[in-house]
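Student: Everything in the sequence shown is counted per our numbering, starting at 22 for the first residue and increasing by one.
Ideal placement from N, C-alpha and C gives every residue a C-beta, glycine not left out.
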Amino acid sequence: MPVQSAVIGCGNFARYIHLPNIASSPDYHLYAVVDADYTRARDAAREFGADNFLTDYQSVLADSKVELVFICTPHNQHAQMAVDAVNAGKHVLVEKPMAMKISELRPIAEAVRKQGVTFTVGFNRRYSSLSRKAKQLLDGREYPLLINYRMVNDIVRHPWALDVEVGGGRLISEAVHLFDMCSFLVGSELVRIHAEGGNLSHPEIPETQDNAVITLGFADSSIAGITIGDLGSSDYPKERVELFLGERTVLIDDYQLLEAYGFSGEHSLALPEVDKGFVQELVELAAAIRDHRPAPITEIDGARATLCAVKAIEAIKTGHAQTLNLAAVVEQKMN
Ligand SMILES: NC(=O)c1ccc[n+]([C@@H]2O[C@H](COP(=O)([O-])OP(=O)(O)OC[C@H]3O[C@@H](n4cnc5c(N)ncnc54)[C@H](O)[C@@H]3O)[C@@H](O)[C@H]2O)c1
22 MPVQSAVIGC GNFARYIHLP NIASSPDYHL YAVVDADYTR ARDAAREFGA DNFLTDYQSV
82 LADSKVELVF ICTPHNQHAQ MAVDAVNAGK HVLVEKPMAM KISELRPIAE AVRKQGVTFT
142 VGFNRRYSSL SRKAKQLLDG REYPLLINYR MVNDIVRHPW ALDVEVGGGR LISEAVHLFD
202 MCSFLVGSEL VRIHAEGGNL SHPEIPETQD NAVITLGFAD SSIAGITIGD LGSSDYPKER
262 VELFLGERTV LIDDYQLLEA YGFSGEHSLA LPEVDKGFVQ ELVELAAAIR DHRPAPITEI
322 DGARATLCAV KAIEAIKTGH AQTLNLAAVV EQKMN
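1. Assess, as a yes-or-no matter, whether the region 185-203 is touched by the region 104-112 under the definition of 3 or more beta carbon pairs within less than 8 Å.
2. Would you check if the region 300-314 and the region 203-219 touch, i.e. whether three or more CB-CB distances between them fall below 8 Å?
3. Met102 lies in the alpha helix (DSSP H); which residues open and close that run?
4. Which word fits Asn356, buried or exposed, when buried means at least 16 other C-beta atoms lie within 10 angstroms of its C-beta?
5. Taking a contact to mean a Cβ-Cβ separation below 8 Å, would you say Leu279 touches Thr270 in this structure?
6. Evaluate the contact criterion for the region 139-151 versus the region 311-325: three or more CB pairs, one atom per stretch, below 8 Å.
7. Considering only their Cβ atoms, is the gap separating Ile129 from Phe91 smaller than 8 Å?
8. Using 8 Å for Cβ pairs, my map puts Leu51 next to Ile43. What's the rounded Cβ distance?
9. Under 8 Å: do the region 233-250 and the region 155-169 share three or more Cβ pairs, one atom per stretch?
10. Please enumerate, following chain order, all residues with a beta carbon closer than 6 Å to at least one heavy atom belonging to ligand 1.
11. Over the uninterrupted beta strand (DSSP E) stretch that includes Phe140, give me the two end residues.
12. Within the region 198-247, note down every full beta strand (DSSP E) run reaching 3 residues or more, in order along the chain.
13. Per DSSP, Ala291 forms a beta bridge with which residues?
14. Considering only residues of the same chain and omitting the five flanking positions on each side of Arg63, which have a CB-CB separation below 7 Å?
15. Helix, strand or coil for Gly250? Go by DSSP, reduced to three states.
16. Per the DSSP calculation, Leu167 is bridged to which residue(s)?
17. Is the beta carbon of Leu221 sitting closer than 8 Å to the one on Gly250?
18. Apply the 10 Å Cβ neighbour rule to Ser26 and answer buried if 16 or more other Cβ atoms are within range, or exposed otherwise.
19. Which partner residues of Tyr37 appear in the DSSP bridge assignment?
20. Looking only at its chain, what residues have a beta carbon closer than 6 Å to the beta carbon of Asp56, apart from the 5 residues adjacent to it on each side?
21. Less than 6 Å between C-beta atoms, sequence neighbours within five positions excluded: which residues of the same chain meet that for Arg171?
22. Tell me the rounded alpha-carbon separation between Leu211 and Glu352.
23. Within a Cβ cutoff of 6 Å, which residues of the same chain sit near Ile310, ignoring the five residues on either side of it in sequence?
24. Please determine if the region 217-237 and the region 329-348 are in contact, where contact requires at least 3 C-beta pairs separated by less than 8 Å.
25. Decide if the region 115-124 is in contact with the region 186-193; the criterion is three or more beta carbon pairs, one per stretch, under 8 Å apart.
26. Can you tell me the Cβ-Cβ gap for Glu217 and Ile318, rounded? I've got them flagged as a contact below 8 Å.
27. For His96 versus Gly189, is the C-beta distance shorter than 8 Å?
28. Comparing alpha-carbon positions, which option in Val187, Gln230, Asn174 lies nearest Gly253?
Written out as structure tokens, the structure is:
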């Protein structure tokens, strides 16, 4: 049976990614769409064939027919909506970031533990066929990993994402993807973070962080360098991950090309189009719900990424490296 689903927030992202993917998947039925803007809710329902459209998300939480909610609203609403949805017994996919503040993390983790629902965060890149291939190439590694991850593009078109109160700035909004990907690729807990950066390109929002160079240290001695920002030409490709281990190197270029050096056999892959994992994310979420088990990405992963972003901002502001203790934040034993 398809999962009866409701999408909360029918803005740019939901309309381009989740709504079409839900509408075309046999795993889901689009039962309702919700947007605070009546016209957007109505238009999304018409375009994607939802049974119902609403402007108040509490109504879908009160509807026993809804099994799963997608939260695609501005970031300052994610944590409360996530807790409300979980406490209403719904499965949840909350878009990144799961939350903006450290104080919001434990209530989400506790609610998920208590309700036993399937809860996931929209860190889609992990589901890309190229991320999976890279992870497979790293399997059984004996050496620490050295990662160089660069994501530089322009988010001026989403001004609320840079607003400190509404979106949290670029580290809360975007760097969380990279923290999650580095954690996934390393497979060991993040223990230390340092960062340089701040406001390099948006003088009109002086308090926001828009560009940064961040270093991550992992429990297994792996290290990662992250470059994130919105300077430079928009013609230049957005994203590149380089992985170095022992005498081997793996490159993921814009989630379209994977090159492997120093491995036996041919492992390189060139895809006909970019694969950032959005379709596979929904396939695996539906399977997890059907099997009554956690999704591959959980609230603990969501908590880690938010913790990293908050601590990176703290590192920029104080000039001091920060230690990370995720277990203490979510009060759960970590690997
Ligand atoms: N995974 C990814 O790669 C990716 C990429 C882009 C955006 N996103 C995420 O998607 C989410 C939405 O981003 P967007 O670019 O679509 O923003 P947007 O501003 O285009 O859309 C947000 C929508 O939420 C609606 N909304 C606001 N408050 C609401 C409420 N209380 N109830 C119902 N609807 C409400 C707004 O009216 C708007 O239509 C964000 O979390 C963003 O980070 C994820």
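Tutor: Concretely, from the data shown:
1. no
2. Not touching, per the Cβ criterion.
3. 99-108
4. Reliability fails at Asn356, whose pLDDT of 43 lies under 50, so the model's placement of it is uncertain and the value that follows must be treated cautiously. Per the 10 Å Cβ criterion, exposed.
5. no
6. yes
7. Contact check for Phe91 against Ile129 fails: the beta carbons are separated by 8 Å or more.
8. Between Leu51 and Ile43 a beta carbon distance of about 5 Å is seen, short of the 8 Å cut, so the two are scored as contacting.
9. At 8 Å Cβ cutoff, the stretches touch.
10. Ile29, Gly30, Cys31, Gly32, Asn33, Phe34, Ala35, Val55, Asp56, Ala57, Asp58, Arg61, Tyr78, Cys93, Thr94, Pro95, His96, Gln98, Glu116, Lys117, Gly143, Asn145, His179, Ser194
11. 140-142
12. 211-219, 232-239
13. Leu278
14. Phe74
15. It is a strand residue.
16. According to DSSP, which records beta bridges pairwise, Leu167 is partnered with Ile244, Phe265.
17. yes
18. buried
19. For Tyr37, which the question treats as bridged, DSSP gives no partner whatsoever.
20. Cys31, Ala62
21. Thr248, Arg261
22. 16 Å
23. Val24, His112, Thr139
24. yes
25. yes
26. Actually they are not in contact, since the Cβ atoms of Glu217 and Ile318 sit about 29 Å apart, beyond 8 Å.
27. yes
28. Asn174
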